[in-house]
Structures are given as C-alpha cells and as structure tokens.
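In what follows, a structure is listed as structure tokens, so that the remarks can point back to it.
Number of protein chains: 2
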Amino acid sequence: AISLRNVTKTFDAGGGLVHALDDIDLDIAPGAFVSLLGPSGCGKSTLLRVIGDLVKPTEGVVEVNGRSAEAARKAREYGMAFQAPGLMDWRTIRRNIELPLQVQGVPRNERRARAEEMLELVRLTGFENHRPRQLSGGMQQRVAIARALAFQPKLLLMDEPLGALDEMNREYLQRELLRIWRSTGTTIVFVTHSVSEAVFLSTEVVVMSPRPGRIADRIPI
Amino acid sequence: AISLRNVTKTFDAGGGLVHALDDIDLDIAPGAFVSLLGPSGCGKSTLLRVIGDLVKPTEGVVEVNGRSAEAARKAREYGMAFQAPGLMDWRTIRRNIELPLQVQGVPRNERRARAEEMLELVRLTGFENHRPRQLSGGMQQRVAIARALAFQPKLLLMDEPLGALDEMNREYLQRELLRIWRSTGTTIVFVTHSVSEAVFLSTEVVVMSPRPGRIADRIPI
Ligand SMILES: Nc1ncnc2c1ncn2[C@@H]1O[C@H](COP(=O)(O)OP(=O)(O)OP(=O)(O)O)[C@@H](O)[C@H]1O
Ligand SMILES: Nc1ncnc2c1ncn2[C@@H]1O[C@H](COP(=O)(O)OP(=O)(O)OP(=O)(O)O)[C@@H](O)[C@H]1O
Ligand SMILES: [Mg+2]
Ligand SMILES: [Mg+2]
C-alpha cells in the first residue's frame, strides 16, 4: 500500500542543513500495522509527513495505494493523528471530529451519529460542545484520534497518539485500535516511543537510527 | 513550601460545569520531589496551574513560600515546563531559553553562557539558532525543560515534561533532573503518567482520582 524509494529529506534551518531522512527504502503491505520507533529528533514525524504529502522529499519517490503521495492526499485516502493534536480552536469538539466527514460530503445526520460514536469510543461523551482549549492534554489527543478514525480511512497515520495518556486509558485505546484494525483491515503506520506498545500492536516494527534518519532494522512480530 | 487548603476549581464550559478540582488539601515540604499521577482529565494540569497562579481557584487558599500564589508568580519564584511546550515561535531556541534570565536582568554574557549550558544538558547543542517549529516534538519539550531550569528556580513545576521522549533520552533526563535536584535542593512538583518514573524520581507520590479531581492517596517513597 505504501512504498518509499531512496527518500531523502534535508531542511535548511538555523544557518545550516538538517539531514532529517537519508536514503529511506520502505514497503508497507496493505493491512499491515507498522510501528516506527527511534530517538527523539531522528525523523519519525518527518517520515510520516512525507507519506502524508505534508512534506515533499528532497529526493526519492513515494507511492501510496499505487499513486503519488500528493494524489492520495487529495483523494483523502488517509486519516492522520498528529503529534500535537492540531484541533481547530474555533470549532466545538463535535465539529472537529465531523470535519473529515463534512469534507467528504457525508450528510448531516449521519455525520453527527458517527461523531457521537467516535466520542464514545475515546470516552469523551459529554464534551461535544467544549472547545479544544477547555480540554486536558490527553483529552485533546483523544479527540485527534476520534477525528482520524471518523471516516474509516483505509490508511491511518498516527504520530505518538497515546503518549499523553495514563496507563488505563492507554491500554484501553490500544485494544480498541487493534479491534478496529482487525475488523476494517485498514493499514496503520504508528509512531510510538514505547517498545512494549509497538510489540503489542504491530505486525512489524521499524527502528530508525539517530539523525540522519535511516532505517536501522525491520522486525516482523 | 507549598500549601493548598480546600482548593476547588470549577470551569464553566460546553453548556455545563466541569468540576476539575474538589476540596484539595495538599502540603509540599521545601526540597521535596513530589510526583502527581492520575487519569487523563482528572485535574493534574489544573492543580499545577493553580499552584503557579495561572488559574485562580474557585474556592480555597494557596500559599507558596509563605506568600500568595500570585505574589510568588510576580516574584518569579518558580520555573515551569508546560504540557504543551509553549515556546515562542518568533524567537530562536537560544533566546527562548534566555527569556527568564532576561526577565530577571541577568547580564548578556552570563545569559548566553547559561543558555549554552542548558542546551548541552538537554543535548540540543547546535540548535541554538533554530526556530521552535523546526524542532521535533521531543526536542521542543527538551527546550521547555532547559528554559524552566535556566535560572535555577527554588521551585519547579513540570507537567509531563518527558512524555514525548524515547527511552534513552527519557532515562538520561530523569537522572539529570535527580542530580540537579540533589545539588540545588529545589522543590519539584512533577506530573507524569509513568508510575515507574514517579517511583524512581520522587520522595512522595500523590495519586488523584478521576474527575472531580481529589487526592486519592499520598505515598512516601
Ligand atoms: N479552561 C478550561 N475551561 C473549561 N474546562 C477546563 C479548562 N481547563 C481544564 N478544564 C477541564 O478540567 C478537567 C481537568 O483538566 P486538566 O487539564 O487538569 O487534566 P489533566 O489531569 O492534566 O489531564 P491529562 O492527563 O489529559 O493532561 C478536564 O475535564 C478539562 O476538560
Ligand atoms: N520544518 C523543519 N525545518 C527544519 N528542520 C526540521 C523541520 N521539521 C523537522 N526538522 C528537523 O528534522 C529532524 C527530525 O524531526 P522529526 O520531527 O521528524 O523527529 P521525530 O523523530 O519525530 O522526533 P520526536 O520523537 O522528538 O517527535 C529534527 O532534527 C528536526 O529539528
Ligand atoms: Mg515526532
Ligand atoms: Mg494535563
């Protein structure tokens, strides 16, 4: 479903060059659950953004579902949960979750029902009319997850989505994510700092080296 | 050093009331290292903000070093690392770390040397001239820690400061924090979702109940 060939990304910053990604080759099969591990600053978020066409590679080719990353993004083929929740302050929680459905033209009643279902999944029923800033850090992250899952995407890109949660909420959502994955056959690329979480969730773990980010190891689970 | 009596905080939001904190009594001795644990949304960040006078309690009294929380804040008696890094986008990393020193009138050369020392501590040497948005999530969190430590405050308030880090960086910074704590005798109030981290670092662990946030348990370590 995803293929990266010779992907390199260099940023121009702070008066010098930052080599975020260096000659990455990576294949992710349809329906796989791949976790990405590696030290802070090694390029995990950048790699996810390259797959999601939020960042253009300096060199190399990215294909998602047989087309370019850009085409996949424009066709809205994936849901993404960012490392910082990225919610819209001026919308309520419900309207934040409904946004991808709205963009896809889903009718109002159906949108509302789906948003309600997602809120229940992430255990935030009752917070529909709140604004993002009125929620705790972990609650905002859960809304981001709800939004990413809302339109049942075939591909899910998730950047440390459970890091801000206590152990009980985290384990609950790990099990829910696994259940959704099994029942929908979606492909998931999941960044985490927890080795145990990666092993629990994934079909394969990809380990990245410190900057410049390369793939150090690929471990089938 | 810190005393809370009957502290209650209620927010008006989303068409209803949110009881974030309910009748909290808490004493933190000078030089203690207290960790705060509890489920997402239970009131930990709110409690930290009440201590730091960033939020006024609905009821109750807060004293920090024998004066009101407000007086302590105005006298700049503490350093704070927030759950979302809260860096200033328009300043470089170095100038972000220098800010509290600047506010305290520390001379330029001394400020610069101290900022450099802090950057080295959090292992971000070489990123002085970058902008916050050019850093990864974990790197931004480390800058927030560097900034909180910069002026060697007597009281440190830290809200999940290590959550965005891989295990190696996290353990390294845990040891560094412990070392600084022992050598400076500073008082630390530390929110974390990791039970093992709380036990490793603290003299005492305070466990909060789910909303409305109360103190469920206090465990000397
Ligand atoms: N400005 C606000 N307006 C309305 N409600 C708020 C506000 N700030 C916090 N709350 C509510 O108070 C409760 C406690 O929030 P708080 O941020 O303290 O939780 P927390 O324990 O830090 O959670 P987490 O572990 O997810 O960071 C939550 O239900 C939240 O929605
Ligand atoms: N827009 C940008 N401009 C300049 N440099 C950038 C930019 N985005 C990322 N970088 C740099 O690229 C490197 C990789 O960043 P990335 O965010 O991918 O790391 P990460 O593996 O996600 O780290 P973390 O675990 O801390 O989230 C870092 O050194 C970062 O400073
Ligand atoms: Mg990242
Ligand atoms: Mg919090």
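Residue numbers (my numbering), protein chains in the order written: chain Y, 4 to 224; chain F, 4 to 224. A virtual CB, placed ideally from N, CA and C, is assigned to each residue, including glycine. Please read these numbers as outputs of a predicted model, since none were measured by experiment.
{"Asked": "Out of N99(F), V37(F), Y81(F), which has the shortest C-alpha to C-alpha gap to L29(F)?", "Found": "V37(F)"}
{"Asked": "What in chain Y is Cβ-close to R84(F), meaning under 8 Å?", "Found": "With the sequence shown as reference, residue 84(F) is identified as Ala, and Arg is not the correct amino acid for it. Within chain Y, no residue comes near A84(F); the closest Cβ sits about 13 Å away, beyond 8 Å."}
{"Asked": "Sorry if obvious, but does the Cβ on K47(F) come closer than 6 Å to a heavy atom of ligand 1?", "Found": "yes"}
{"Asked": "So who's on the other strand from H133(Y), going by DSSP bridges?", "Found": "Answer is none; H133(Y) lacks a bridge partner."}
{"Asked": "When DSSP labels each residue in this structure, what does M91(Y) get in the three-state scheme?", "Found": "coil"}
{"Asked": "As an exercise, report each continuous alpha helix (DSSP H) stretch of at least 4 residues that is fully enclosed by the stretch 14 to 63 of chain Y, in chain order.", "Found": "47 to 54"}
{"Asked": "Label T190(Y) either buried or exposed according to how many other C-beta atoms from any shown protein chain fall within 10 Å of its C-beta, with 16 as the threshold for buried.", "Found": "buried"}
{"Asked": "Using the beta-carbon of each residue, which ones in chain Y are nearer than 7 Å to P42(F)?", "Found": "D169, M171, N172"}
{"Asked": "Report the three-state DSSP secondary structure of P156(Y) (helix, strand or coil).", "Found": "coil"}
{"Asked": "Using a threshold of 6 Å, is the CB atom of L168(F) nearer than that to any non-hydrogen atom of ligand 1?", "Found": "no"}
{"Asked": "My parser needs the alpha helix (DSSP H) runs of 4 or more residues fully inside the stretch 65 to 121 of chain Y; what are they?", "Found": "72 to 77, 96 to 106"}
{"Asked": "Thinking just about the alpha-carbon of each residue, which of V194(F), G55(F), G63(F) is nearest to the one in L24(F)?", "Found": "G63(F)"}
{"Asked": "Using only the heavy atoms of ligand 5, determine whether one of them is closer than 6 Å to the beta carbon of R126(F).", "Found": "Ligand 5 is not part of this structure, which contains only ligand 1, ligand 2, ligand 3 and ligand 4."}
{"Asked": "Can you give me the C-alpha to C-alpha distance between R185(F) and V198(F), rounded to a whole angstrom?", "Found": "21 Å"}
{"Asked": "By Cβ distance below 6 Å, which residues in the same chain neighbour D56(F) in space, the five residues on each side in sequence not counted?", "Found": "A72, E73, R76"}
{"Asked": "Determine, using beta-carbon pairs with one atom in the stretch 42 to 49 of chain F and one in the stretch 120 to 135 of chain F, whether at least three such pairs fall under 8 Å.", "Found": "no"}
{"Asked": "Is the beta carbon of Q107(F) within less than 6 Å of some heavy atom of ligand 4?", "Found": "no"}
{"Asked": "Return no unless some Cβ of chain Y is closer than 7 Å to the Cβ of G22(F).", "Found": "In the sequence as presented, Gly is not what sits at residue 22(F); that position holds His. Not closer than 7 Å to any Cβ of chain Y, the Cβ of H22(F) fails to qualify, so no."}
{"Asked": "Is the distance from the Cβ of A219(Y) to the Cβ of V210(Y) below 7 Å?", "Found": "yes"}
{"Asked": "What residues of chain Y sit near Q137(F), judged by a beta carbon separation below 9 Å?", "Found": "F14, A16, G17, V21"}
{"Asked": "For S205(Y), does the three-state DSSP call read helix, strand or coil?", "Found": "coil"}
{"Asked": "Within 10 angstroms of its Cβ, does V202(F) collect 16 or more other Cβ (buried), or is it exposed?", "Found": "exposed"}
{"Asked": "Going along chain Y in order, which residues have a C-beta closer than 7 Å to the C-beta of G141(F)?", "Found": "S43, G44"}
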